[in-house]
Amino acid sequence: MGGVIEPEFARPRADVVVLEGETRTMPTPERPSLIVRQKSPQNIEFPFASLSDWLIPTELFFVRNHFPSPDLDARDWRLRVGGAVERPIELDLDSIKAMRSTTCTAVVECAGNGRVYYVPPKEGLQWQNGAVGNAAWTGVLLREILEMAGVKRSACEVLLVGADSGVVDTNKKTASPGPIAFARSLPLEKAIAHSSILAYSMNEEPLTRDHGYPLRAVVGGWFGMAWVKWITHITVLEQPFLGYWQARDYFRWERNLGEPRLVPLAEMEVKAQIARPVQGARLIAGQPYRIFGAAWSGEAVIRQVQVCTGDGRGWREGRLLETEHPFAWRLWEYMWTPEEVGPYKLRCRAIDGAGCVQPDLPRSDCESYAANWIVPVEVTVVPEPQTYEEEFVI
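Numbering-wise, the sequence shown is residues 1 to 394 according to the numbering used here.
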């Protein structure tokens, strides 16, 4: 890693993480512990500082649940397709697996990732930077399922409904009208795109319960709220869907028609994050250090990642790693040799193929979502290695 002394809080905690139905072993630097943001329903964050591989292992992949994960038996489970179709159909899992399969490597980011950086604080799960991950998803094109049912010419959206349900915000103004399922719609053009699949496999293994078993949506380029898990119903619509998760939650303001109006969240925003060094790290003057992280965007690919180390030399080009894949993230690195001791603020920014540049500051119209502005990592360059035993003697 080069010359670096990382503070204790950056190192994996030596405790046990208990997830539903399983107990994880003691974490190691290679297998750090996950970060539990909420116990019930389970919401679990990937420790982004441990990023090392292009694909995040399933057991370390973040989990975002609005309701408890349903325990579905594939023998009883059915996918029902109806609405504005010529032939309503019902499929079991074996029938779907018998269809032509496709694999899409794609990054999914919770729309609330980075919410902890909002000032003043915004309500919602206080994700830091690990509610994001890149995985290989295998399943069937949503388009081919729709073709089996015969979409009517009057159709405009495709509604995906999950088996998870519950009551939201009881006694609040934003309360749901009784128990509701998690349901989101896609515009028809996105539903029939090659980037929208119904997946039954993640990283070459069957989906786990928390990741949507037996079937979930994969919507390349879009925030995670569109990636509906535990899908049981697909309804083709002739009018835009205005359900709870589209009109009451997961929206932003748009001002291109004068007065601000609400629009549902859709595409992810261009973004790069630093995994290492971690916040508070101490680097050794004169020794090279690898600044490392990941970058992603929505429908466009990542073209550049630039790094600013705060040493007066401005933005410099980072090196993109791996091969470019549509809808997947790009790992990147920048080798830096700090010469002067003192504090530094390391920054990175991504630029995508559509010309979008990661912003310096938050935008006021995104509610508590889409936190893609540059978040500096503060480090200190020291003249020689120092130990924490020396610094914290009582």
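Glycine included, each C-beta is placed from N, C-alpha and C at the ideal position.
Alpha-carbon spacing of residue i relative to residue j, whole angstroms
i      : j      : result
PRO41  : GLN273 : 27 Å
ALA98  : PRO88  : 19 Å
ARG349 : THR170 : 40 Å
ALA281 : PRO338 : 13 Å
TRP373 : ASP76  : 45 Å
VAL85  : GLN304 : 43 Å
SER196 : TYR289 : 39 Å
ASP53  : VAL278 : 17 Å
ALA136 : LEU257 : 39 Å
GLY133 : TRP296 : 10 Å
ASN203 : TRP253 : 36 Å
GLN246 : GLY286 : 52 Å
ALA275 : PRO376 : 11 Å
THR102 : PHE251 : 30 Å
GLY112 : GLY82  : 31 Å
PRO362 : ARG261 : 19 Å
THR380 : GLU238 : 58 Å
TYR117 : PRO206 : 35 Å
THR23  : VAL301 : Low per-residue confidence applies at THR23: pLDDT is 42, beneath 50, and the placement is therefore not dependable, though the value from the model is reported in the following sentence. Cα-Cα distance, rounded: 38 Å.
LEU242 : GLY139 : 28 Å
GLU378 : ILE231 : 42 Å
GLY91  : VAL119 : Note that residue 91 is Leu in the sequence shown here, rather than Gly. Those two C-alpha atoms are separated by around 47 Å.
SER154 : CYS308 : 51 Å
Helix, strand or coil at residue i according to DSSP, with G and I counted as helix
i      : result
LYS190 : helix
VAL377 : strand
VAL270 : coil
ARG248 : coil
PHE48  : helix
GLU259 : coil
LEU142 : helix
GLY166 : strand
TYR118 : coil
LEU125 : coil
ILE180 : strand
ILE35  : strand
THR232 : strand
GLU147 : helix
Best match in the options for proximity to residue i [C-alpha to C-alpha]
i      : options                        : result
ARG64  : ALA149, SER195, PHE182         : PHE182
PHE62  : ARG276, ILE44, THR323, ALA175  : ILE44
ASP164 : SER154, PRO70, GLY310          : PRO70
LEU146 : ILE234, ASN134, THR208, ASP210 : ILE234
HIS194 : GLU90, GLY82, ALA370, GLY220   : GLY220
PHE292 : ASP210, GLY243, GLY286, ARG347 : ARG347
VAL334 : PRO343, CYS356, ARG319         : According to the sequence as given, residue 334 is Tyr; it is not Val. Comparing Cα-Cα distances from TYR334 to each of PRO343, CYS356, ARG319, the minimum goes to ARG319.
ARG184 : VAL151, TRP329, PRO240, GLY286 : PRO240
ALA199 : PRO214, ILE351, MET225         : PRO214
VAL396 : TRP332, LEU283, ARG313, THR309 : Here the chain covers residues 1 to 394 and nothing more, so residue 396 does not appear.
ARG78  : PHE67, PRO68, HIS66, LEU93     : LEU93
PHE223 : PRO68, ALA371, ILE180          : ALA371
ASP360 : PHE327, TYR344, GLU384, GLN306 : GLN306
SER368 : TRP127, GLU238, ILE351, PHE48  : TRP127
LEU141 : GLU90, TYR117, ARG216          : ARG216
GLU269 : GLY114, SER50, GLU59, ARG37    : GLY114
HIS66  : PHE327, ARG100, TRP329, CYS110 : CYS110
ILE35  : ARG248, ALA131, PRO68          : ALA131
GLY395 : PRO47, LEU72, ILE56            : Any answer about residue 395 is impossible in this case: the structure gives the chain only from 1 up to 394.
SER364 : ARG80, PRO343, LYS345, ARG255  : ARG255
SER396 : ILE56, LEU51, LEU55, LEU60     : As displayed, the chain neither begins before 1 nor continues past 394, which places residue 396 out of reach and without an answer.
GLY395 : ALA49, CYS356, TYR344          : The shown model of the chain, from 1 to 394, leaves out residue 395, and the question about it has no answer.
GLY162 : SER154, PRO179, TRP332         : PRO179
Bridge partner(s) assigned by DSSP for residue i
i      : result
PRO343 : THR380
MET202 : TRP137, GLU205
LEU331 : ALA294
ILE89  : VAL81
ILE304 : Reading off the sequence, residue 304 comes out as Gln, not Ile. BP columns for GLN304 point to ILE351.
GLU109 : VAL132
GLU157 : PRO187, LEU237
SER196 : VAL219
LEU55  : LEU55 pairs with nothing; no bridge assigned.
TYR213 : Bridge partners of TYR213: none, in fact.
LEU265 : Partner(s): none; LEU265 has no beta bridge.
ASN43  : GLN38
Interface flag, residue i vs chain D, CB-CB below 8 Å
i     : result
ILE56 : In the structure shown, chain D cannot be found, because there is only a single protein chain.
(message) Would the stretch 115-126 count as touching the stretch 156-164 if we require 3 or more Cβ pairs under 8 Å?
(response) no
(request) Count the CB pairs spanning the stretch 314-332 and the stretch 254-269 that are closer than 8 Å, and state whether there are at least three. (result) no
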